[in-house]
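*Asks:* Those letters in the sequence shown? Residues -19 to 218, per our numbering, in order. Below you will find the structure I want to go over with you.
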Amino acid sequence: MPLLSVNIDHIATLREARGTPYPDPVHGATLAVLGGADGITVHPREDRRHIKDRDVRILKQILTVPLTLEMALIPQMVDLAKEISPALVTLVPEKRAELTTEGGLAVAGVEERLRAELQRLFDAGIPVSIFIDPDKTQIKAAAGLGVPFIELHTGAYANSRSPQEEDHEFRILAEALEFALGLGLKVNAGHGLHYHNTARIARLPGIHALHTGHGIIAHAVFVGLERAVREMKEIMRG
Ligand code: PXP
């Protein structure tokens, strides 16, 4: 069974929607660990729309499980990674206007442009993963850059609109996984995984860890809402 690293970005999204100090993603991380999370993942975006530097710094201090930093490969984020020294950096493409990471990082053909900042991470001894579409050309290019990990983008699988499409995307992921393992890469997977589509991915042999966020945080709202209302009624009753 793969490890589960829980992405807590969307606790911060809720906090930023009101500009309040709560809900604090740091608090959420401690609860996720109590629930069995093997790791915590955060994506401090360039515009800091949800996770802030303060969150990352406190998480690094208090977590008892590995912290993964998802980030764009830009000098400012490499500086933050070097300060924090997370257990893993996962490189993602980032567009300001996107709601979430839309695709894997296209590395084939642009390796030279990536090397300088990548080398700064290597020199700092930070293990690096590249979030990548399940595409053999991209996987080979990632392996050529010398990273120990890739993360297969499960979005196309998760967003399938029919069982046939899901089967098709699942086969593409399974083949990409086998190919990457054959190149000696360690393989994570994630994006869009939810309660109805994770079991099949978790059973694929050889996946190191799943990185899952939105589905878990969304489910937490529902499994927690009844108790939250009951507690408010108790306060009202005095
Ligand atoms: N992996 C990567 C590289 C991501 O960018 C994200 C989204 O931040 C996830 C996993 C988690 O995706 P989701 O929130 O859909 O579970």
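Cβ coordinates follow ideal geometry from the N, Cα and C atoms, glycine included.
For ligand 1, is there a heavy atom less than 7 Å away from the beta-carbon of T(-7)?
*Replies:* no
*Asks:* By alpha-carbon positions, which one of M(-19), L79, H30 ends up nearest to Y2?
*Replies:* H30
*Asks:* Is L(-17) near ligand 3, in the sense that its beta carbon is under 7 Å from a heavy atom of that ligand?
*Replies:* As far as ligands go, the structure on display features ligand 1 and does not contain ligand 3.
*Asks:* Just checking, does the region -18 to -10 make contact with the region 189 to 203 on the three C-beta pairs under 8 Å criterion?
*Replies:* yes
*Asks:* Heavy atom of ligand 1 less than 7 Å from the Cβ of N177, yes or no?
*Replies:* no
*Asks:* So if DSSP puts N(-13) in a beta bridge, which residue, or which two residues, is it bridged to?
*Replies:* BP columns for N(-13) point to T21.
*Asks:* Using the Cβ count rule (16 or more neighbours within 10 Å means buried), how would you classify E131?
*Replies:* buried
*Asks:* For V167 and A160, what's the separation of their Cα atoms in angstroms?
*Replies:* V167 and A160: Cα-Cα distance of roughly 7 Å.
*Asks:* Distance check for M216 and A67, CA to CA, integer angstroms please.
*Replies:* 45 Å
*Asks:* How is G170 classed by DSSP in three states: helix, strand or coil?
*Replies:* strand
*Asks:* Using DSSP bridges, identify the partner residues of I130.
*Replies:* Under DSSP, I130 takes part in a beta bridge, and its partners are I110, V167.
*Asks:* Decide if G172 is buried, meaning its Cβ has at least 16 other Cβ atoms within 10 Å, or exposed.
*Replies:* buried
*Asks:* Is it the case that the CB of G172 approaches a heavy atom of ligand 1 more closely than 7 Å?
*Replies:* Indeed, a heavy atom of ligand 1 lies less than 7 Å from the Cβ.
*Asks:* Thinking C-alpha only, which one of E91, T10, M212, E149 is nearest P46?
*Replies:* T10
*Asks:* Nearest CA to the CA of A86: which residue from L14, I112, V36?
*Replies:* I112
*Asks:* Can the beta-carbon of V90 be found closer than 8 Å to that of S109?
*Replies:* no
*Asks:* F202: beta carbon under 7 Å from a heavy atom of ligand 1?
*Replies:* no
*Asks:* At the level of alpha carbons, what is the spacing between T134 and K213?
*Replies:* 41 Å
*Asks:* Rounding to the nearest angstrom, what Cα-Cα distance links A123 and E211 in this structure?
*Replies:* 52 Å
*Asks:* So, with DSSP's three-state summary, where would you put L239?
*Replies:* With the chain running from -19 to 218 in the structure shown, residue 239 is simply not present.
*Asks:* Quick check on P238: buried or exposed, where buried means 16 or more other Cβ atoms within 10 Å of its Cβ?
*Replies:* A query on residue 238 cannot be resolved here, the shown segment of the chain reaching from -19 to 218 and no further.
*Asks:* How many Å lie between K75 and R28 at the Cα?
*Replies:* 13 Å
*Asks:* Are there three or more Cβ pairs, one per stretch, closer than 8 Å when the region 51 to 61 is compared with the region 94 to 103?
*Replies:* yes
*Asks:* Please determine, among L(-6), G16, F202, L153, the residue with the shortest C-alpha to C-alpha distance to R183.
*Replies:* L153
*Asks:* Would you list the one or two residues that DSSP bridges to L68?
*Replies:* L68 is bridged by DSSP to T48.
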